[in-house]
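Enquirer: Read in the numbering used here, the sequence shown has 607 at position 183, and its numbers run on one by one without any break. Here it is, the structure in full.
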Amino acid sequence: MSTKNKLKILIAAAEVTPIAKVGGLGDVIGALPKALAKLNLDARVIMPFFGAIDKNKYKIKLIRQNIKIGGTSINLWLTKIPDSAVPVYLIEHNFFAGKKIYSTALADGSKDMKKFVFFSQAILENIKAINFAPDVIHLNDWHTAAIARLLKTEYKTDLFFKQTKTLYTIHNLANQGIIKTKNYMAEGILNADLINTVSPTYAKEILTKEYGAGLEKILQTRKKDLYGILNGIDTNFFNPATDKLIKFDYSAEALEKKVANKTELQRQLGLPQDKKIALVGLVTRFVGQKGVELITENFSKLNCQFVFLGTGEKKYEDALLELAKKFPRQFSAQIKFDEKLAHKIYAASDIFLVPSRFEPCGLTQMIAMRYGGVPVVRLTGGLADTVNSKVGFTFKKFATNEFYNILNRALKIYYEKLKTWRLLQLNGMKQDFSWNKSAKEYLKLYKKLVKIKK
Ligand code: ADP
Numbered sequence: 425m426s427t428k429n430k431l432k433i434l435i436a437a438a439e440v441t442p443i444a445k446v447g448g449l450g451d452v453i454g455a456l457p458k459a460l461a462k463l464n465l466d467a468r469v470i471m472p473f474f475g476a477i478d479k480n481k482y483k484i485k486l487i488r489q490n491i492k493i494g495g496t497s498i499n500l501w502l503t504k505i506p507d508s509a510v511p512v513y514l515i516e517h518n519f520f521a522g523k524k525i526y527s528t529a530l531a532d533g534s535k536d537m538k539k540f541v542f543f544s545q546a547i548l549e550n551i552k553a554i555n556f557a558p559d560v561i562h563l564n565d566w567h568t569a570a571i572a573r574l575l576k577t578e579y580k581t582d583l584f585f586k587q588t589k590t591l592y593t594i595h596n597l598a599n600q601g602i603i604k605t606k607n608y609m610a611e612g613i614l615n616a617d618l619i620n621t622v623s624p625t626y627a628k629e630i631l632t633k634e635y636g637a638g639l640e641k642i643l644q645t646r647k648k649d650l651y652g653i654l655n656g657i658d659t660n661f662f663n664p665a666t667d668k669l670i671k672f673d674y675s676a677e678a679l680e681k682k683v684a685n686k687t688e689l690q691r692q693l694g695l696p697q698d699k700k701i702a703l704v705g706l707v708t709r710f711v712g713q714k715g716v717e718l719i720t721e722n723f724s725k726l727n728c729q730f731v732f733l734g735t736g737e738k739k740y741e742d743a744l745l746e747l748a749k750k751f752p753r754q755f756s757a758q759i760k761f762d763e764k765l766a767h768k769i770y771a772a773s774d775i776f777l778v779p780s781r782f783e784p785c786g787l788t789q790m791i792a793m794r795y796g797g798v799p800v801v802r803l804t805g806g807l808a809d810t811v812n813s814k815v816g817f818t819f820k821k822f823a824t825n826e827f828y829n830i831l832n833r834a835l836k837i838y839y840e841k842l843k844t845w846r847l848l849q850l851n852g853m854k855q856d857f858s859w860n861k862s863a864k865e866y867l868k869l870y871k872k873l874v875k876i877k878k
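Next up, the structure:
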């Protein structure tokens with residue numbers, strides 16, 4: 425197909441791994457466009473040029489200066505998603521000059537409102553300036569949701585966008601972008617041509633009061649336009665056979681090599697070095713969603729070591745630090761964002777915890793399985809779509825004793841039934857978590873969008 429006939433997709437997001445990442449949103453935007461490009465789409469990404477982004481590392485080049493937006497102007501920069509030909513545009517403006525992507529770990533986003541509304545407006549003006557008229561603008565979370573409304577209001581009669589449709593992907597309904605009576609998440613849901621979220625189970629859950637975060641009624645009005653597409657992971661970036669961030673590479677065929685990563689991590693973190701003891705990992709944002717408060721002092725009775733990596737709300741950080749202080753031979757709490765350490769933990773863990781209160785998709789359980797870790801997860805959202813008794817352990821009720829009991833059961837099997845344990849590990853490693861399948865699902869949605877009459 426010539427470039428002319430390719431579907432043109434602009435993916436707009438606040439995070440793009442590895443250029444700027446806070447959590448799963450970045451991972452999705454860093455990987456999905458690469459899989460789309462393989463399906464012969466002209467997929468491009470646009471993001472803010474945050475102060476923390478390494479200009480040299482990503483060879484970011486200035487391509488346009490002084491594009492006017494309201495009373496101000498921006499500069500436009502260009503790079504590619506590493507190891508791909510996918511263009512990434514970066515918008516430079518004072519709004520984004522700070523070091524942090526989001527100013528707070530809290531969900532409402534009120535401090536970042538102006539910055540992301542500006543980002544949304546700037547995106548539309550930018551693509552006009554570079555004359556890239558997309559068939560679909562793929563919006564991600566509330567940060568870019570305003571575009572759906574702008575195209576139906578201020579830009580409605582703008583001929584440049586006469587063919588442009590919007591897909592709004594909800595990565596996490598908990599972060600809504602609320603200020604006074606305005607709710608950007610709701611605006612995206614109401615105005616986008618189609619909507620999807622990041623797993624089939626979460627797509628159903630959010631229609632209920634329990635999981636709808638106050639938006640269930642609005643979502644119900646768009647039920648027939650709402651889809652669930654499971655996220656993939658970047659299977660090149662997360663690959664124990666080639667991972668440069670871990671010390672000892674291994675694969676399903678040589679799984680016995682995994683254990684060297686465990687003793688190496690124990691050494692690095694000052695835990696007793698012991699090949700046999702089960703190492704239990706957790707890598708996450710420490711926020712209410714993630715269920716870290718289910719891990720109590722009682723867990724010190726379990727025969728295993730715990731390694732926690734994450735940042736977030738202070739109360740959770742403090743609680744985990746306290747455990748590590750009280751039981752230094754058993755708990756290690758690393759309060760930081762550290763990609764390398766995350767990979768080391770995936771490689772070292774025998775068991776990996778995801779006890780979320782709700783979980784739109786969840787990537788860490790998939791990454792853990794790719795590294796031969798056995799996930800222990802709460803049965804919700806994407807966790808329910810990716811973990812079953814062939815690959816791991818699940819619990820239903822959000823309660824510390826349920827979690828404790830299931831982890832205890834997992835440990836019993838780990839210590840007493842080696843064959844069963846190996847099978848769980850190998851089944852997990854055999855899963856196809858690549859983006860290939862899900863990218864085809866997105867392609868179907870894009871094609872559906874193109875057919876919608878305006
Ligand atoms: P969420 O998007 O809610 O944060 P996901 O499970 O979808 O959760 O994605 C989390 C991603 O962020 C994973 O790639 C995980 O390894 C990474 N991550 C989370 N916290 C940290 C941290 N402190 N250091 C390094 N990586 C982290």
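The beta-carbon is built from N, C-alpha and C at its ideal position, and this holds for glycine as well. These numbers come from a predicted model, not from an experiment.
#1: Taking 7 angstroms as the cut-off, is the C-beta of N596 nearer than that to any heavy atom in the ligand ADP?
#2: Go through its chain and collect everything with a Cβ distance to M425's Cβ below 6 angstroms, but skip five positions before and after it.
#3: Please say whether V704 and F672 have beta carbons closer to each other than 8 angstroms?
#4: If we ignore side chains and look at the alpha-carbon of each, how far apart do N550 and A459 end up?
#5: What distance in whole Å lies between the Cβ atoms of L643 and I892, which are believed to be in contact at a cut-off of 8 angstroms?
#6: From the DSSP output, in three-state form, read off P511 for me.
#7: Roughly how many angstroms separate the alpha carbons of A610 and L847, rounded to a whole number?
#8: For the ligand ADP, I want to know if T735 counts as a neighbour, meaning its beta carbon is within less than 7 angstroms of at least one of the ligand's heavy atoms.
#9: Cα-Cα, which of Y626, Y526 and F585 is closest to P558?
#10: Drop a sphere of 10 angstroms on the beta-carbon of N660, count the other beta-carbons inside from all chains shown, and report buried for 16 or more, exposed for fewer.
#11: Please classify A570 as buried or exposed, where buried requires at least 16 neighbouring CB atoms within 10 angstroms.
#12: Determine the DSSP secondary structure at W859, reduced to helix, strand or coil.
#13: When you compare only the Cα positions, how much space is there between F519 and Q849?
#14: Could you please give the first and the last residue of the uninterrupted alpha helix (DSSP H) stretch that includes N722?
#15: By Cβ distance, which residues of its chain are closer than 8 angstroms to A665, with the 5 residues on each side in sequence left out?
#16: Kindly list the residues whose CB is nearer than 6 angstroms to the CB of L744, restricted to its own chain and excluding five residues on each side of it in sequence; keep chain order.
#17: Given the structure, does F776 come close to the ligand ADP, in the sense that its CB is under 7 angstroms from one of the ligand's heavy atoms?
#18: Between C728 and the ligand ADP, is there a pair consisting of the residue's CB and a ligand heavy atom that are separated by less than 7 angstroms?
#19: Would you kindly work out how many angstroms separate the C-alpha atoms of I876 and L867, rounded to a whole number?
#20: Between the beta-carbon of L654 and the beta-carbon of S623, is there less than 8 angstroms?
#21: Report the option in K462, Q754 and A455 whose CA atom is closest to the CA atom of A437.
#22: Check each candidate in E746, Y828, Q855 and K739 and name the one with the smallest Cα separation from Y795.
#23: Should F755 and L747 be called a contact, given that it needs their Cβ atoms to be closer than 8 angstroms?
#24: Is any heavy atom of the ligand ADP found at a distance shorter than 7 angstroms from the C-beta of D667?
#25: DSSP three-state label for S780, please.
#26: Just to confirm the assignment, what range does the alpha helix (DSSP H) spanning T645 have?
#27: Please list, in chain order, all residues of the same chain as P472 whose beta carbon is under 6 angstroms from its beta carbon, the five residues on each side excluded.
#28: So, does the segment 480–496 touch the segment 593–601, judging by three or more C-beta pairs under 8 angstroms?
#29: Taking the beta carbon of V874 as the centre, do at least 16 other beta carbons fall within 10 Å, making it buried, or is it exposed?
#30: Looking at the ligand ADP, does it come within less than 7 angstroms of I653, judged from the CB to the closest heavy atom?
#31: Beta-carbon within less than 7 angstroms of I791's beta-carbon, same chain only, minus the 5 sequence neighbours each way: which residues are those?
#32: Between which two residues does the beta strand (DSSP E) holding L703 run?
#33: Between the C-alpha atoms of E634 and I491, what's the straight-line distance to the nearest angstrom?
#34: Assign A461 to buried or exposed, taking buried as 16 or more other Cβ atoms, counted over all protein chains shown, within 10 Å of its Cβ.
#35: Closer than 7 angstroms to a non-hydrogen atom of the ligand ADP - does that hold for the CB of T708?
Expert: To lay it out plainly:
#1: Under cutoff, so the answer is yes.
#2: Residue confidence is low: M425 scores 45 on pLDDT, short of 50, so the model does not pin down where it sits. Its coordinate-derived value is still stated next. Setting aside the 5 residues that flank it on each side, M425 is surrounded in the same chain by N464, each with a C-beta closer than 6 angstroms to its C-beta; the list follows chain order.
#3: No, they are not a contact pair.
#4: N550 and A459: Cα-Cα distance of roughly 25 angstroms.
#5: No answer is possible for residue 892: it lies beyond the span of the chain, which begins at 425 and ends at 878.
#6: Looking at P511 - three-state DSSP - the assignment turns out to be strand.
#7: Separation of A610 and L847 (C-alpha to C-alpha, rounded to the nearest whole angstrom) is 44 angstroms.
#8: Within the chosen limit of 7 angstroms, the ligand ADP reaches the beta carbon of T735 through at least one heavy atom.
#9: Here the closest residue by C-alpha is F585.
#10: By the Cβ-count criterion, N660 is exposed, with fewer than 16 other Cβ atoms from all chains shown falling within 10 Å of its own Cβ.
#11: Label assigned to A570: buried.
#12: Residue state, collapsed to three classes: coil.
#13: Their Cα atoms are separated by approximately 46 angstroms.
#14: For N722, there is no enclosing alpha helix (DSSP H), as DSSP marks it with neither H nor E.
#15: Hits under 8 angstroms: D673, Y674 and S675.
#16: Cβ within range, chain order: F732 and A757.
#17: No, the Cβ of F776 stays beyond 7 angstroms of every heavy atom of the ligand ADP.
#18: Outside the cutoff, so no.
#19: C-alpha of I876 to C-alpha of L867: approximately 15 angstroms in a straight line.
#20: L654 is a Cβ neighbour of S623, given a cutoff of 8 angstroms.
#21: Taking only the C-alpha atoms, the option nearest A437 is A455.
#22: With respect to the C-alpha of Y795, the residue from E746, Y828, Q855 and K739 having the closest C-alpha is Q855.
#23: In this structure, L747 lies closer than 8 angstroms to F755 by Cβ.
#24: Outside the cutoff, so no.
#25: Correct three-state label for S780: coil.
#26: Counting along the chain, the alpha helix (DSSP H) containing T645 begins and ends at E640 to T645.
#27: Scanning its chain for C-beta atoms nearer than 6 angstroms, with the 5 sequence neighbours on each side dropped, one finds around P472 the residues I515, F520 and F543, in chain order.
#28: Judged by Cβ distances under 8 angstroms, the segment 480–496 makes no contact with the segment 593–601, as fewer than three pairs qualify.
#29: By the 10 Å Cβ count, V874 comes out exposed.
#30: I653 Cβ: outside cutoff for every heavy atom of the ligand ADP.
#31: Apart from the 5 residues on each side of it in sequence, I791 sits with its Cβ closer than 7 angstroms to the Cβ of I657, F662 and Y770 in its chain, given in chain order.
#32: Counting along the chain, the beta strand (DSSP E) containing L703 begins and ends at A702 to F710.
#33: Straight across, the Cα-Cα distance linking E634 with I491 is about 44 angstroms.
#34: Under the 10 Å beta carbon count, A461 is surrounded by 16 or more other beta carbons and is classified as buried.
#35: Yes, the Cβ of T708 comes within 7 angstroms of a heavy atom of the ligand ADP.
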